[in-house]
Amino acid sequence: MAGIAATIGAVVLALTLAKWRTTTLPSWALTVSAAGLVMVAANSWFAGTGIRAIADHTSNEQFKDLIFEAPWLIAMSVPNMVLCLVGFIALAVAGWRQRSLPQSSSVLLVLAGLVSVFPAYPPGLLLASA
10 MAGIAATIGA VVLALTLAKW RTTTLPSWAL TVSAAGLVMV AANSWFAGTG IRAIADHTSN
70 EQFKDLIFEA PWLIAMSVPN MVLCLVGFIA LAVAGWRQRS LPQSSSVLLV LAGLVSVFPA
130 YPPGLLLASA
């Protein structure tokens, strides 16, 4: 259930960023950040539904091999990591320089970008939504 709630939250944030054109923030940074949040939504949806489906149809040993020892789960998160890192930090820097974002928001966006490099999606998503 938490994966589905995170998916909905990430989609709402992505749509909000994609439509946020009233500021002086660069549109490419908004688009890259929105794309990163779409990837976060895809990863959280998989965490909420796909992993459960795999667990239902595999033995304990197969599940361990597929989920904990396979590099494909980390590889699936690489686009998310890169897009969120670049997008969030670009928004923070542009917002700080142009004074179109509060300094606290800029700091949280930089932290969200840095934390998004780690494979688990919740920390970066929580910081970006703050």
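Take any residue in the sequence shown, count from 1 to its spot, add 9: that is its number in my numbering.
Cβ atoms here follow ideal geometry from the backbone N, Cα and C, with glycine treated the same way.
Going by C-alpha distance, which of L120, L118, V95 is nearest V41?
Taking the first residue of the sequence shown as 1, we reach residue 41 at position 32. Of L120, L118, V95, the residue nearest in Cα terms is V95.
Determine, using beta carbons only, whether V49 and A11 come nearer to each other than 9 Å.
Sequence index remark: in the sequence shown, residue 49 carries index 40 (1-based). Sequence index remark: in the sequence shown, residue 11 carries index 2 (1-based). No.
Check for me: the alpha helix (DSSP H) holding P88 runs from which residue to which?
Within the sequence shown, the letter at position 79 stands for residue 88. Segment 81 to 107, the alpha helix (DSSP H) holding P88.
Rounded to whole angstroms, how far is the Cβ of L100 from the Cβ of L118, which I believe are closer than 8 Å?
Taking the sequence shown and counting its residues from 1, one reaches residue 100 at position 91. Taking the sequence shown and counting its residues from 1, one reaches residue 118 at position 109. Rounded, the Cβ-Cβ distance is 5 Å, consistent with contact.
Run the CB neighbour count on S36, radius 10 Å, all protein chains shown included, and call it buried at 16 or more, exposed below.
Stepping through the sequence shown from its first residue, residue 36 is reached at position 27. Answer is exposed; the Cβ neighbour count stays below 16.
Could you tell me the alpha carbon to alpha carbon distance between K73 and G104, rounded to whole angstroms?
As a first step, residue 73 is located in the sequence shown; it is residue number 64 there, counting from the start. As a first step, residue 104 is located in the sequence shown; it is residue number 95 there, counting from the start. Cα to Cα, the separation comes out at about 44 Å.
Report yes or no: do the region 65 to 72 and the region 16 to 29 share at least 3 C-beta pairs separated by less than 8 Å?
As far as the Cβ criterion goes, the region 65 to 72 does not touch the region 16 to 29, which means the pair count is below three.
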